[in-house]
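Going by numbering that gives the first Met the number 0, the sequence shown opens with residue 0, and the numbers climb by one from there. No residue lacks a Cβ here, since even glycine has one placed at the ideal position from N, Cα and C.
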Amino acid sequence: MDKIIIGGGRRLSGRVRIGGAKNAALPILVSALLCDGANIYDNVPRLQDIESIQRLLAHMGARIETDGSSVQIDARGLCDAEAPYDLVRKMRASVLVLGPLLARLKRVRVSLPGGCAIGARPINLHLKGLARLGAKIDIVHGYVEAEAECLIGNEIYFDIPTVTGTENLMMAAVLAQGETVLRNVAREPEIIALENALNRMGAKVEGAGTSVITIEGVESLHPARIEIIPDRIEAGTFLVAAALTQGDITLTNCEPAHLGAVIDKLRGTGAEIITDGRTIRVKGPDEIISVDVKTLPYPGFPTDMQAQFMVLMSVADGVSVISENIFENRFIHVSELRRLGADITVSGNTAMVRGQANLTGAPVMATDLRASASLILAGLVAKGTTEVNRVYHLDRGYEAIEEKFSALGADIRRER
Ligand code: EPU
0 MDKIIIGGGR
10 RLSGRVRIGG
20 AKNAALPILV
30 SALLCDGANI
40 YDNVPRLQDI
50 ESIQRLLAHM
60 GARIETDGSS
70 VQIDARGLCD
80 AEAPYDLVRK
90 MRASVLVLGP
100 LLARLKRVRV
110 SLPGGCAIGA
120 RPINLHLKGL
130 ARLGAKIDIV
140 HGYVEAEAEC
150 LIGNEIYFDI
160 PTVTGTENLM
170 MAAVLAQGET
180 VLRNVAREPE
190 IIALENALNR
200 MGAKVEGAGT
210 SVITIEGVES
220 LHPARIEIIP
230 DRIEAGTFLV
240 AAALTQGDIT
250 LTNCEPAHLG
260 AVIDKLRGTG
270 AEIITDGRTI
280 RVKGPDEIIS
290 VDVKTLPYPG
300 FPTDMQAQFM
310 VLMSVADGVS
320 VISENIFENR
330 FIHVSELRRL
340 GADITVSGNT
350 AMVRGQANLT
360 GAPVMATDLR
370 ASASLILAGL
380 VAKGTTEVNR
390 VYHLDRGYEA
400 IEEKFSALGA
410 DIRRER
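Structure below.
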């Protein structure tokens, strides 16, 4: 099993290009299922999760061709409406096929995802929404079985803003009869990206980025060429790396407007941040000031940046209170960070982080994607050697992370 070995303590500097967003690419690639033709996607990141979704689409009969960061998906030969347990177990985002397959093939069978490392993560709101469009839904032998001769537009209210739930319903509704109004939806940039992709294919969707999305159903969609937006979480991870190592890093091909809450918090720590078009330059402070963080749905501070920020707070001057308000079990990185000397106490959904002068390297174990990123960051600042095990979590969502950090001057390598 691969591991990443890091010699900590180097100041990082230079330029790093941010890749396409995993969480925008996943629903957008799945939306190819809605269309009877060949779509082309550019700036697709090369990640395990992207490979998994492509494997699932291929399993359903889509033809997929990859050329560098461009991917062509032709769903004309769609034949199988089932997402098997093995694929859904590896990647929960597989549930995104529910909406489009129901719309296109009128029936779908998707393994019900279990809980995962960061929380229970039910999909009740996805299913409730699909039922409101007229789908008949059963849970049989661990599978969600849904069918609908014809989906009919309706008004759907989400109890909680859910990212993939909103995306699933958007994709189901574009081919439904009449108008669908989705209320209290997620407002993440990835939702806007999906709206843009669907509209390029001829759908009539508006309101993404606000809490109400309106969809006027159309008869069919046509193929289009679509560019994936930059990954705001990869970008945020490099911003924190610069702040942590008193570095000076310029991020290129990123979207500063998607990082408002993260940039604001980093400025609070004393980091200097200059944005210019699609680049962000960040200079780490000599002394990191502690700030408090509350994760919230977008445009609040992203839960996907909580673990990385906790590392920064572990070496800050003062005490920071971090509350996790999206997932109920997203502090699994804490015990690993403690092994490096971090002083963190958890009570319920709140972590109190007392900044230390130094962390010291040790072997640690990655437990989920963003937790893995936090351990890499901790290794970059810890004295001595840190060995991060189980990096397959990291490979799900960060492309060539060790090469990118190495090019910025880090002492980091992968052992296979
Ligand atoms: N929820 C329900 N019922 C539902 C759906 C969600 O109770 O039917 C709850 C969840 O349990 C959670 C909250 O609603 O407490 C929000 O979850 P959401 O549905 O928004 O999360 P998601 O769509 O499963 C996406 C990202 C995650 C990211 C979250 C929050 C993708 C593929 N995944 O997950 O990304 O953390 O939104 O922003 O877009 C990651 O990339 O590492 C990652 C976990």
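Among the options, which has the Cα closest to the Cα of residue i?
{"i": "Ser219", "options": "Gly283, Val345, Met170", "result": "Met170"}
{"i": "Arg14", "options": "Leu132, Ala242, Ile279, Ala192", "result": "Ile279"}
{"i": "Val345", "options": "Gly354, Glu146, Ile331", "result": "Ile331"}
{"i": "Ile228", "options": "Ala20, Asp1, Lys2", "result": "Ala20"}
{"i": "Leu197", "options": "His257, Ile39, Tyr142", "result": "Ile39"}
{"i": "Arg413", "options": "Ile375, Ala381, Leu407", "result": "Ile375"}
{"i": "Gly128", "options": "Asp66, Glu154, Ala372", "result": "Glu154"}
{"i": "His221", "options": "Thr213, Ser210, Ala202, Asp230", "result": "Ala202"}
{"i": "Val204", "options": "Cys149, Thr179, Cys115, Cys78", "result": "Thr179"}
{"i": "Asn22", "options": "Arg277, Val143, Arg231", "result": "Arg231"}
{"i": "Arg103", "options": "Ala80, Gly113, Ile4, Thr294", "result": "Ala80"}
{"i": "Lys2", "options": "Ser405, Glu401, Ala409", "result": "Glu401"}
{"i": "Met59", "options": "Leu101, Pro160, Gly347, Glu215", "result": "Leu101"}
{"i": "Ala256", "options": "Glu327, Thr163, Val363, Ile191", "result": "Ile191"}
{"i": "Arg353", "options": "Ala361, Gly347, Ser319, Thr385", "result": "Ser319"}
{"i": "Ile212", "options": "Glu226, Asn195, Ala223", "result": "Asn195"}
{"i": "Arg277", "options": "Leu258, Thr163, Glu386, Asp48", "result": "Leu258"}
{"i": "Gly133", "options": "Ser110, Pro121, Leu168", "result": "Leu168"}
{"i": "Asn123", "options": "Arg389, Arg266, Val143, Ile273", "result": "Val143"}
{"i": "Ile138", "options": "Val162, Leu336, Gly164, Val109", "result": "Val109"}
{"i": "Ile288", "options": "Asp303, Gly317, Thr302", "result": "Gly317"}
{"i": "Arg88", "options": "Pro112, Lys293, Val96", "result": "Pro112"}
For residue i, report the span of its alpha helix (DSSP H) as first-last.
{"i": "Thr163", "result": "162–172"}
{"i": "Gly283", "result": "Note, Gly283: premise wrong, no alpha helix (DSSP H); not H, not E."}
{"i": "Thr385", "result": "Not the alpha helix (DSSP H): Thr385 falls in the beta strand (DSSP E), residues 384–388."}
{"i": "Arg422", "result": "It is not possible to answer for residue 422, since the shown part of the chain is limited to 0 through 415."}
{"i": "Ala241", "result": "231–243"}
{"i": "Glu401", "result": "400–406"}
{"i": "Ile262", "result": "259–267"}
{"i": "Asp394", "result": "391–394"}
Under 8 Å from any heavy atom of ligand 1, does the C-beta of residue i make it?
{"i": "Val310", "result": "no"}
{"i": "Pro298", "result": "no"}
{"i": "Glu503", "result": "No statement about residue 503 is possible, as the shown extent of the chain runs from 0 to 415 and does not include it."}
{"i": "Gly118", "result": "yes"}
{"i": "Arg369", "result": "yes"}
{"i": "Val204", "result": "no"}
{"i": "Leu265", "result": "no"}
{"i": "Lys293", "result": "no"}
{"i": "Ile212", "result": "no"}
{"i": "Val162", "result": "yes"}
{"i": "Ile122", "result": "yes"}
{"i": "His257", "result": "no"}
{"i": "His125", "result": "yes"}
{"i": "Asp303", "result": "yes"}
{"i": "Arg91", "result": "yes"}
{"i": "Gly396", "result": "yes"}
{"i": "Ile159", "result": "yes"}
{"i": "Leu376", "result": "no"}
{"i": "Leu25", "result": "yes"}
{"i": "Asn183", "result": "no"}
{"i": "Asn22", "result": "yes"}
{"i": "Ile416", "result": "With the chain running from 0 to 415 in the structure shown, residue 416 is simply not present."}
Which two residues bound the contiguous beta strand (DSSP E) that contains residue i?
{"i": "Glu226", "result": "224–226"}
{"i": "Ser289", "result": "Ser289 -> no beta strand (DSSP E), and no H or E assigned at all."}
{"i": "Ile212", "result": "211–215"}
{"i": "Lys105", "result": "Where Lys105 is concerned, there is no enclosing beta strand (DSSP E), given that its DSSP letter is neither H nor E."}
{"i": "Asp275", "result": "271–275"}
{"i": "Thr251", "result": "247–251"}
{"i": "Ile122", "result": "Here Ile122 belongs to no beta strand (DSSP E), and DSSP marks it neither H nor E."}
Taking contact to mean at least 3 C-beta pairs separated by less than 8 Å, is the region 65–77 in contact with the region 27–47? yes
At what residue ranges does the region 12–89 contain a whole run of the alpha helix (DSSP H), taking only runs of 4 or more? 21–29, 47–58, 84–89
In chain order, what are the residue ranges of uninterrupted beta strand (DSSP E) at least 3 long that sit wholly in the region 126–207? 135–139, 142–146, 154–156, 178–182, 203–205
Three CB pairs or more closer than 8 Å across the region 45–57 and the region 234–241: no
Report yes or no: do the region 322–338 and the region 357–375 share at least 3 C-beta pairs separated by less than 8 Å? yes
For a minimum of 4 consecutive residues, which ranges assigned as the alpha helix (DSSP H) are wholly contained in the region 287–344? 305–313, 332–338
Count Cβ pairs between the region 339–358 and the region 309–318 that sit closer than 8 Å; are there 3 or more? yes
Contact between the region 240–256 and the region 280–288 (3+ Cβ pairs under 8 Å): yes
Would you be able to state if there are at least three C-beta pairs under 8 Å between the region 0–18 and the region 174–192? no
Give a yes or no on contact between the region 392–407 and the region 5–14, applying the rule of three or more CB pairs nearer than 8 Å. yes
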